[in-house]
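Residue numbers for the sequence shown follow the numbering used here, beginning at 1 and rising by one.
Worksheet for the structure shown next.
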Amino acid sequence: MAPLSDRQHDAFDNPAKMACREGNLRVLREAAYLLWEDGTRTRLRCDWCELMGATGERTIDLLEREGVLAPGGFVGVDLNPARIDAFRQRRPDLKWVAGNLYERLEAPELANVGVLNLDAYGEIGDPDGRGDFQLIRGLALRGVERFGEFALFWNQDLDSVVRRRNNSGQALRRHTEMVCKALKGCLPRRDLVSEMLLPEGGEERIDSGFVGVLGAFEIYRGKTKGHRMANLRIILR
Numbered sequence: 001m002a003p004l005s006d007r008q009h010d011a012f013d014n015p016a017k018m019a020c021r022e023g024n025l026r027v028l029r030e031a032a033y034l035l036w037e038d039g040t041r042t043r044l045r046c047d048w049c050e051l052m053g054a055t056g057e058r059t060i061d062l063l064e065r066e067g068v069l070a071p072g073g074f075v076g077v078d079l080n081p082a083r084i085d086a087f088r089q090r091r092p093d094l095k096w097v098a099g100n101l102y103e104r105l106e107a108p109e110l111a112n113v114g115v116l117n118l119d120a121y122g123e124i125g126d127p128d129g130r131g132d133f134q135l136i137r138g139l140a141l142r143g144v145e146r147f148g149e150f151a152l153f154w155n156q157d158l159d160s161v162v163r164r165r166n167n168s169g170q171a172l173r174r175h176t177e178m179v180c181k182a183l184k185g186c187l188p189r190r191d192l193v194s195e196m197l198l199p200e201g202g203e204e205r206i207d208s209g210f211v212g213v214l215g216a217f218e219i220y221r222g223k224t225k226g227h228r229m230a231n232l233r234i235i236l237r
């Protein structure tokens, strides 16, 4: 996976971030059909997989408060083995994987994943993040084959490209094109195109400082003066 910022010092624990987590669950309830046990959409029949960092337990708290997890239906992943050991000691009923997620695709803990929250805080449109796209493709193929659907939530830093005098809007468009290319041939009905994820002309709105929902993205700012984040939400079927 591409180099990541320090998750212990990023804005992971704030109201905007919590609202983003809640938005992921809301979209899952509204747009996914086959990942749930039945038509009431109250409990998942697949596992939810997430990069943990220092605050990943906030997502577990939300999912358990809403009662949506199947028994043992959460997979937490982190590069730090000590952190995973601590999580495993506190919650032996859940699944835990230490290491780079894209290197552990065949781990038995990942066999039932239908929801991936790739909250890695990498940079939007980073060409060095090709491993992330292969990870997404591998899990998406397996999820669609097993459940008929796969949910992807992918949170990336939108504004870090500005430090190199690049435009955030162009970077986001490039990101959508890379996502579509990575998922080409994965879906049984049709392939994604960039405009499905980011509407035509969306680059200009992004460069003007837009915050809110735009196409398949939620653009939010965790800290008052911090970078904007672009959280992609897709239900693949």
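All residues carry an ideal CB built from backbone N, CA and C; glycine is no exception.
Keep in mind the model is a prediction, meaning the values are calculated, not measured.
Less than 6 Å between C-beta atoms, sequence neighbours within five positions excluded: which residues of the same chain meet that for L28?
A151
Suppose you measure from the CA of L4 to the CA of E123; what does that come to, to the nearest Å?
Note on L4: pLDDT 36, under 50, position unreliable in the model; no value is reported.
From the DSSP output, in three-state form, read off R265 for me.
This structure cannot settle anything about residue 265, because the visible part of the chain is limited to 1 through 237.
Selected residue, minimal CA-CA separation from W154, among P15, C20 and A16:
C20
Nearest-angstrom Cβ-Cβ length linking L79 and G56, presumed shorter than 8 Å:
So it is not a contact: roughly 12 Å between Cβ atoms.
Considering only the beta carbon of each residue, do L105 and L139 sit closer than 9 Å?
yes
What's the gap between the Cα of R205 and the Cα of R91?
43 Å
Runs of alpha helix (DSSP H) wholly within the segment 72 to 123 (minimum 4 residues, chain order)
81 to 90
Can you tell me whether R189 is buried or exposed, with buried defined as 16 or more other CB within 10 angstroms of its CB?
exposed
The beta strand (DSSP E) enclosing A230, as first and last residue numbers:
R228 to L236
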